[in-house]
Structures are given as structure tokens and as C-alpha cells.
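Beneath this line is the structure, given in C-alpha cells, with notes to follow.
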Amino acid sequence: MNNPLSCSDPLFNLFNGGLGCSLNGCGQYNKCLQVLNEKYIETTGCCRMKILEPNFVTVFVYILIVPVIGIASLGALGGGIVKRPFLQAILNFDASIAGDITACLMISAQIVNMVFIFLQNHPDVPERPVINYDIAIIYTLAIPIGLCLGSDLANFLPLLPLLSFQILFFLAISPILIYYGRRQNELEDGKIQNSSLVNESALLTVSQQQIQNHSEYSESQAKLYKQLYAQQCQRFPLVPILITLGNFVINELILLLRSSPYQYSPYFFPNGDLNNNYRDKGPCEPWNFYMVLLLTAVNFLITGSVYFFMRKKELLKNTVNFYPHERYFTPVRRFFFVYAAGFLTGFVAGFVGMAAGLTMVVTMVQFKLIAAVAGATANYCYFLICIQVYTNFLVGASQSQGLGVGEQFFFYALGVLAVLTFTNYGYKLLVKYNIGHIIFYIDLAIVVLNIIGNIASGLETGYRDGFRSLEQQPSTCGNYVLDN
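Per the UniProt record's numbering, residue 1 is the first one in the sequence shown, and the count goes up by one each step.
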């Protein structure tokens, strides 16, 4: 990332990209002004009005963000849904500033959202939490590698093919969302008419009375059955949570050792200084490739250890036929199917810049989770992605100074307000009227919104910087020296 640039105009004081701009080439809320970096090199750039500068459109968009994030959080979609349609296309923020705002919206909304989800009960088995921790473990093991590779690929693509691939992804997933929405609707209607159809959810109801009726079990088997059931009903199961959080911390430490054309490692470039003694750890050096290899090796080691640990536990469940439809580590091919879905989730999140929750909800339903459980479990996994995005924002603060502390808290407040109002009320409606399938139609509406946003963002960029800017290779290692 380039050194911070400053704008001298007190009203247009936010550097918004567009170096070497023309007089009318910065779009709305911007001016092409002289900008100055810390080395006192003067050039022209797009300078934008203050982020919280009040005007009708800005106020309207910030108000609109609240219900959009609140409703989208039901389907495990967060701040990323507002980045291109609202922040970039309408308010004309540069991608880096829009990303910083998105990080603040995502983390605050998801923290509050997770509080509500932890307190929810399973719709079919009230004794159980709504999160399926077993399948969540596999997703969180696979997401970091996919996220790393997806974001790296996106960094090397020009904007036009990147936007085109993202639109194609949204178009491809739209009919899938409609299909699952209809299928879940039929399942929910069937449950009301015939309670035996609950068995299709792969989360069978096992009451305490049923546990006592297993007369064919020995005393030790009955004791094991009750122990497994008690563990399944834990609101905060210690082992799965430690596995997911521990894996996240280890992966994040390795990822922060890397640099990229857009993000320097906070360990080796603590002040964004390109001329310090750690220049050999720059974005275009072999060090970063070695870190990807290390990340892969560590993930395989952790994944293998967790697999054998959880496989042993599932084989123990088999001895008393405990929830036989919930098997994600046995047989081995089923484990790799779930792992591949987690990798796809990470890749989509890194490459598309959003839709992690969308991918998780669709694939989890394919693994026989009902919509409410799939949405809650996807939110649990998505929370870790939000932490990773927010961590990158924090360590990059010395390189991107566009978002002040006061402005950050404004967007934290928007995210919290969105979940306290629309998400909280939405959960109550889903439970009250048994309409979990609505999650898929919410995600479909967000998909349509982002297709429109991608098109608008491409048109705005073409207007500001010319059509050739959409075809030009971004700052990568091929032209990194020229850019700096």
C-alpha cells in the first residue's frame, strides 16, 4: 500500500484514490486537488468530503444501511453487502475506505448477533443450541486456506474480469437459493401437518423419555448415551469452541507474517516504512510464498489432529446409535465433502469479497441441516471471518488513515443498532411463524442488490479513471517497483 496522502482542503480532506486525476474525473462528493505524502512529493488526487459530512444522500444511505445489515444478518451476510452498492457506487468511497467502514460494521453487528444466536434453542429439539458445532469445526478448519488463495487471486485480477466473475457467481447461485427456499418451505409445512417428517432434517428429536426407554442398552451404554446427550445440549461446548478459536489464532498469526501488494506485514513494516531493515520481507519476495506453504502445512497438521480426535468421538456415538444422521467425520469421504465446502466458502469470501455466509448456508443445507440451524451455524463461522477482516483493518491502520476513531464508533453503532432492531425481531418472526425458508429469499434479494452494485461500481470507476482502468493490471509484483 502506498504511503498516506493528505488533502489540504478542510472540507475535502479525505484522500479517495485517483492519483493523477483530471479536473472532473473524481465523481460526486470529490474534487481533484493537490495532495501531499509524508515524503513531501506533491501530485494530484481525488479528495472527498468528510465521511460524516451531512447531506441528504449520505444521511439517507446511512439510515438505509441499518435495516439492510440487520435483515441480511439473518442469512449470515454482514457488512460486505453494503460495500459496493452503497459505499462505493452511491457514496463514491474508494475501495480501501469502503473496506475499512465495512470492517467496523461487520465486527460490531456480528458480535451482537452471536449473543442472540448463543441464546437460541434448536427449533426441533429445544434442549439443544441452534448451532451445530461439529460441522462448524470442519468449516473453520478449511476457511483460512481458501480465504488466503481467493484474496490473492482477486489482488492479481484487473477490475473488469473480477467484477464479471463476481456477477457470474451471483447469477449462478440465484436459482440454487430459490430451489432451497422452496424445499425448506415444503419441509416446514410438512412438519406442521405430519411431525414424522422432522426426521428429514438430520437432527432427530430425542427426548429424555426416549433415552430412558432404551431398555436394550446395558447400564454403561445408557450412561454413555445420557452423557453424550448432555454434551449435545451444552450452550457453550468448550472443546469445539477452543478448536475453532485456537485454529483461527494460529492461522491469523501466520497470515500476519505475510505482505501483499496491498497490505504490509505489521511485524516487518510496523510504520509502513519501505526503507527499513526488513525490506526483504516485502510483498514481492519469496518469504510470502514460504508463508503460504507454512500456512498449508500447519492447516493440514491441525486438520489431521482434529479429524482423528472427532472421528474417535463419532465412533463412540455409533456404539449407542446416538444421532446417527449427524456424522461429519465418518466416513472419511463425508468429512472431505464438508471440508471442500469450507474451502469453497473461504475462497468465495476472499475472491468475491462477500457471500461467505451465503455459500455456507447453501452447502450446510445440502448436508441436511434445516434452514434455522444452517443460518446460525454459518453465522458462527462467519464471525471468525469478521474477526480476521477486522484484525487486518487494525494492523493496517498505520497505512490507511482515512477512518478516524470517532468515525469508527459511528459505524460500530450502526452495526449494533441493525442487529438489536431488525435482526432480533427477525429471529422472533422466524421462530413464531416457522418460516426459516425466508432466509434463502433474503439472501436472493442481497444477491440482486450486489449485482446492481457491481455494475454501478464498474461504471463509476470507468467514469472516474477511464475504461482502460478496468482492464489494467492492478498493483502486483509485476509492476510493484514502478508503483512505489
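Beta carbons: idealized from backbone N, C-alpha and C, even for Gly. Bear in mind that the values here come from a model prediction, so they are computed numbers and not experimental data.
Whole angstroms are fine: how far does the CA of residue j sit from the CA of residue i?
i	j	result
Asn16	Val431	44 Å
Asn396	Ile63	The residue asked about is misnamed: residue 396 is Gly in this sequence, not Asn. The alpha-carbon atoms of Gly396 and Ile63 are separated by roughly 28 Å.
Leu77	Glu471	29 Å
Ala356	Leu74	13 Å
Ala374	Asp189	18 Å
Leu294	Phe60	46 Å
Tyr264	Leu253	14 Å
Phe236	Ala230	12 Å
Leu19	Lys50	19 Å
Tyr382	Ile135	13 Å
Ser6	Gln232	55 Å
Asn251	Leu141	9 Å
Ile81	Ile71	11 Å
Ile241	Ile137	8 Å
Val292	Phe248	15 Å
Tyr328	Glu127	21 Å
Phe86	Leu187	36 Å
Val447	Gln227	43 Å
Tyr339	Met310	14 Å
Gln166	Leu316	43 Å
Leu168	Ala89	19 Å
Pro54	Leu11	12 Å
Ile65	Thr102	11 Å
Leu344	Leu119	29 Å
Ile178	Leu238	36 Å
Gln221	Lys312	16 Å
Ile97	Asp124	43 Å
Ala372	Ser305	30 Å
Ala297	Tyr412	36 Å
Met114	Gln234	16 Å
Cys46	His122	51 Å
Ala378	Leu162	25 Å
Glu314	Ile302	18 Å
Would you decide whether residue i is buried or exposed? Buried here means 16 or more other CB atoms lie within 10 Å of its CB.
i	result
Gln34	exposed
Tyr290	exposed
Phe467	exposed
Gly404	exposed
Asp443	buried
Phe347	buried
Tyr29	buried
Asn24	exposed
Thr421	exposed
Gln209	Low per-residue confidence applies at Gln209: pLDDT is 45, beneath 50, and the placement is therefore not dependable enough to give any value.
Val57	exposed
According to DSSP, what are the bridge partners of residue i?
i	result
Gln15	The residue you asked about is not Gln; residue 15 is Phe in the sequence shown. According to DSSP, Phe15 bridges with Cys47.
residue 487	Since the first and last residues shown for the chain are 1 and 484, residue 487 lies out of range.
Ser151	Answer is none; Ser151 lacks a bridge partner.
Cys7	Val35
residue 511	The shown model of the chain, from 1 to 484, leaves out residue 511, and the question about it has no answer.
Glu42	Leu36
Asn30	Arg48
Check whether the Cβ of residue i sits closer than 7 Å to any heavy atom of the ligand SAH, and report yes or no.
i	result
Asp124	Looking for the ligand SAH in the displayed structure turns up nothing, as the structure carries no ligands at all.
Would the region 126 to 143 count as touching the region 435 to 449 if we require 3 or more Cβ pairs under 8 Å? When Cβ pairs closer than 8 Å are counted between the two stretches, the region 126 to 143 is seen not to touch the region 435 to 449, the count staying below three.
Any contact of the region 279 to 295 with the region 320 to 330, i.e. 3+ C-beta pairs under 8 Å? Because the criterion of three Cβ pairs below 8 Å is not met, the region 279 to 295 and the region 320 to 330 do not touch.
When the Cβ atoms of the region 142 to 161 are set against those of the region 408 to 425, are three or more pairs found closer than 8 Å? With the rule of 3 Cβ pairs closer than 8 Å, the region 142 to 161 does not count as touching the region 408 to 425.
Stretch-stretch touch, CB-based, cutoff 8 Å, three pairs: the region 248 to 261 with the region 342 to 353: No contact exists between the region 248 to 261 and the region 342 to 353.
On the three-pair Cβ rule with 8 Å, is the region 152 to 163 touching the region 360 to 369? Between the region 152 to 163 and the region 360 to 369 there are fewer than three inter-stretch CB-CB distances shorter than 8 Å, so the stretches are not counted as touching.
Does the region 175 to 185 come within contact of the region 333 to 342, defined as at least 3 CB pairs closer than 8 Å? Because the criterion of three Cβ pairs below 8 Å is not met, the region 175 to 185 and the region 333 to 342 do not touch.
Hey, which unbroken runs of the alpha helix (DSSP H) at 4 residues or more fall wholly within the region 412 to 445? Residue ranges of uninterrupted alpha helix (DSSP H) with 4 or more members, entirely inside the region 412 to 445 and ordered along the chain, are 424 to 433.
Report yes or no: do three or more beta-carbon pairs, one from the region 105 to 122 and one from the region 378 to 393, lie closer than 8 Å? Touching, per the Cβ criterion.
Every unbroken alpha helix (DSSP H) within the region 52 to 78, with a cutoff of 4 residues, ordered by chain: Correct list: 56 to 72.
Hey, which unbroken runs of the alpha helix (DSSP H) at 4 residues or more fall wholly within the region 338 to 406? Runs found: 356 to 366, 371 to 395.
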